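Okay, so here's the structure we're looking at.
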């Protein structure tokens, strides 16, 4: 069953057509990668899914409900979490607090006036946060300032912040951008584990083919704002149209 | 204790002790000595310390936690004062209903202003709040003061007249703001040798209000709600993509902050039963910004320190005149004395703003975390020196 259904989405910036007639169907509990050369519209498409951009036309359905016109927090409350291209975390807060915030969002909804309650009394949520920190092997950095973490750790923290909400759909925008090979492999392992353990559907935008082919079960190739092909990794590898999009016209 | 952790409890107890003992602590010089003019232990000034302390604590909840700089908080101060004085005029001099109305009305005001201003952030938010405050000032100063409908009594300021209704006022009650008959104006004077200490009802009433305000602020800082506000300052986009709606959080912080200002405004009318439009002017809004930054934005105790610091300068430095300076430098040769007096002259009396400006510059440049950071640095240095002494002692012992 398709959990995310994108149909006929168009988005123009001035005269530039960033997305034209994009269709995309993501099956539940799969890892779906979106690849394509620079400027193919991958990030624009992602921004249309999370409420940052509003498509000019078309529809985006999540679990049978339209997400168009909803605010980012409303889309998140439906069960869509997003990992950004550059890690977006709460730099002034501690690692534990960074994890606690999505916990509160999950339990209490988009707003709750808990001005006279005590942080220390939220033992259930603190335990849950500690567990997820152990999962991403950051337990020893629990009380560190998030801004002081290394880039790789910030990325893992952001991932943990998304996971602790138990989203149904996790959107990852180049999750290994700027990472060393070892960190990249760790991230791949982490994502594999998440996918097998937690029944989370994932949509990954990625440049690194190593990451894409290690994780994805389906791949959509985007070129100049339109989907070129959608297929399994093995078929994509040998597809001449894909090679053309990436490398230019073939010689023969 | 009271739901506070160990450090916060210590801080809270220290604040309570300091406010209770303030009449002694702020009055270190004997009445007849030449230094007596530096004494701050008289009711009028001590009341200002605690009232503006409340104002700054409230402002810090908005600015210190969320980073949204409101430049119009004086509007709530003024609204609080006017509300309190209207209770005096219509019903009773009892301060409790006056304060309740002050807080409620300023809260409603904050909802209206916050709802519009919070549609923007950064400098645009600041300008919107400034615009609202200046509009409130204009309303109070002229528009809402005409013979047909006189809400604010314009330039003169709102005050109590003999023919006011005062429905629940009785002959037996004091003709001044009071709490169940105990007049806010009554002062007990205690003479100890050459010293004279003053214990004033209004001061202690305001001090209790400040202690309560401070307690609530600590709880708010340490609550999940406080954490959300810090998250807004840190990364509002992330907060929205984490499923939290930052708008109601901001509005709640703005309204709480406005109610603190309203309480402070009401208390100004407790110490002196009148309200003037100048309380809403942009200079008053700027003052609370200075207090908070000078003391240390985002810290618990900083705003209170900043408020005390600025009010002390305003009231003490402005009183020093050339005559006093001549006394100080009298031991010098005449020419040198005149020369020094001429140099210091621009910085005292009416020039106290100049001194404050220089001090503010120094603090912002060298102590970006405000007076609190200064205190922390001193404490750290002291601890290091003590450790070094201990280490040296230990070395000596082992050498022996």
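Residue numbers (this note's numbering), protein chains in the order written: chain A, 38 to 289; chain B, 16 to 415.
Each residue gets a CB set at the ideal place from its N, CA and C atoms; glycine is no exception.
Given the structure is predicted, the values throughout are model-derived calculations rather than measurements.
Exercise for review: Quick one: which residues of the segment 237-252 of chain B get their C-beta closer than 9 Å to a C-beta of chain A? List them in chain order.
Suggested key: 237, 238, 239, 240, 241, 242, 243, 245, 246, 248, 249, 250 and 252
**Prompt:** Any idea which residues DSSP pairs residue 297 of chain B with across the strands?
**Reply:** Paired residues: none, contrary to the question.
Determine which residues of the segment 125-146 of chain A have a Cβ less than 9 Å from any Cβ of chain B, and write them out in chain order.
125, 126, 127, 128, 129, 130, 134, 135, 137, 138, 139, 141, 142, 143, 145 and 146
*asked:* DSSP three-state label for residue 58 of chain B, please.
replied: helix
* Sheet register partners of residue 212 of chain B (DSSP bridge) -> B:205
Q: Mark residue 250 of chain B as exposed unless 16 or more other C-beta atoms lie within 10 angstroms of its C-beta, in which case mark it buried.
A: buried
Identify whether residue 346 of chain B lies in helix, strand or coil by the three-state DSSP scheme. coil
Can you give the beta carbon distance from residue 99 of chain B to residue 113 of chain B, rounded, assuming they're within the 8 Å contact cut?
4 Å
request  = Starting from the C-beta of residue 109 of chain A, find all residues in its chain whose C-beta is less than 7 Å away, skip the five residues before and the five after it, and write them out in chain order.
outcome  = 87, 88 and 89
Checklist entry - Within 8 Å (strictly less), CB to CB, does residue 135 of chain B reach chain A? => result no
TODO: Would you please verify whether the beta carbon of residue 109 of chain A is less than 8 Å from any beta carbon of chain B?
DONE: yes
Which chain A residues are close to residue 267 of chain B, counting only those with a beta carbon under 7 Å from its beta carbon?
-> 150
Practice problem: Could you spell out where the alpha helix (DSSP H) holding residue 131 of chain A opens and where it closes? | Solution: Looking at the DSSP string, residue 131 of chain A is not in any alpha helix (DSSP H), and its letter there is neither H nor E.
| Taking Cβ-Cβ distances below 8 Å as the criterion, which residues of the segment 173-201 of chain A are in contact with chain B? | 198
Cutoff 6 Å; reference residue 73 of chain B; Cβ partners in own chain excluding five residues on either side | 272, 275 and 276
Three-way DSSP call (helix, strand, coil) for residue 94 of chain A in this model: strand
Practice prompt. Could you tell me the distance, in whole angstroms, from the CA atom of residue 213 of chain B to the CA atom of residue 57 of chain B?
Written response: 6 Å
Inset, instruction - Out of A:116, A:72, A:79 and A:91, point me to the one whose CA is closest to residue 101 of chain A's CA. - result: A:116
Determine the DSSP secondary structure at residue 217 of chain A, reduced to helix, strand or coil.
-> coil
Practice item. Starting from the Cα of residue 121 of chain A, find the closest Cα among A:273, A:241 and A:58 and give me that residue. Key: A:241
Which residues of the segment 82-97 of chain A have a Cβ closer than 9 Å to any Cβ of chain B? Give them in chain order. 87, 88 and 89
Going by DSSP in three states, residue 247 of chain A sits in which element: helix, strand or coil? helix
Practice item. Take residue 356 of chain B and list the residues in its own chain whose beta-carbon comes closer than 8 Å to its own, dropping the five residues that flank it on each side. Key: 337, 340, 341 and 344
Practice task
Identify each residue in the segment 152-163 of chain A for which the Cβ-Cβ distance to at least one residue of chain B is less than 8 Å, and report them in chain order.
Solution key: 152, 153, 154, 155, 156, 157 and 159
_Does residue 275 of chain A come out as helix, strand or coil in the three-state DSSP assignment?_
coil
ask   = Can you tell which of B:94, B:187 and B:331 has the C-alpha that lies nearest to the C-alpha of residue 155 of chain B?
value = B:94
Buried or exposed: where does residue 313 of chain B fall if 16 or more other Cβ atoms within 10 Å of its Cβ makes it buried? buried
Fill in: Residue ranges of each alpha helix (DSSP H) within the segment 182-229 of chain A, 4 or longer
188-200
- Query: DSSP three-state call for residue 41 of chain B: helix, strand or coil?
  - Reply: coil
**Request:** From the DSSP output, read off the bridge partner residues of residue 149 of chain B.
**Result:** Looking at the DSSP assignment, residue 149 of chain B forms no beta bridge with any residue, so it has no partner.
What's the gap between the Cα of residue 390 of chain B and the Cα of residue 186 of chain B? 51 Å
Specify, as a first and last residue, the run of the beta strand (DSSP E) that residue 255 of chain A falls within.
255-260
In chain B, what lies closer than 8 Å to residue 114 of chain A by C-beta?
258
Legend entry - Which of helix, strand or coil DSSP assigns to residue 39 of chain A: strand
* Asked: Is residue 363 of chain B closer than 8 Å to residue 228 of chain B when the C-beta atoms are compared?
  -> no
**Prompt:** Mind checking if residue 263 of chain B is an interface residue toward chain A, Cβ cutoff 8 Å exclusive?
**Reply:** yes
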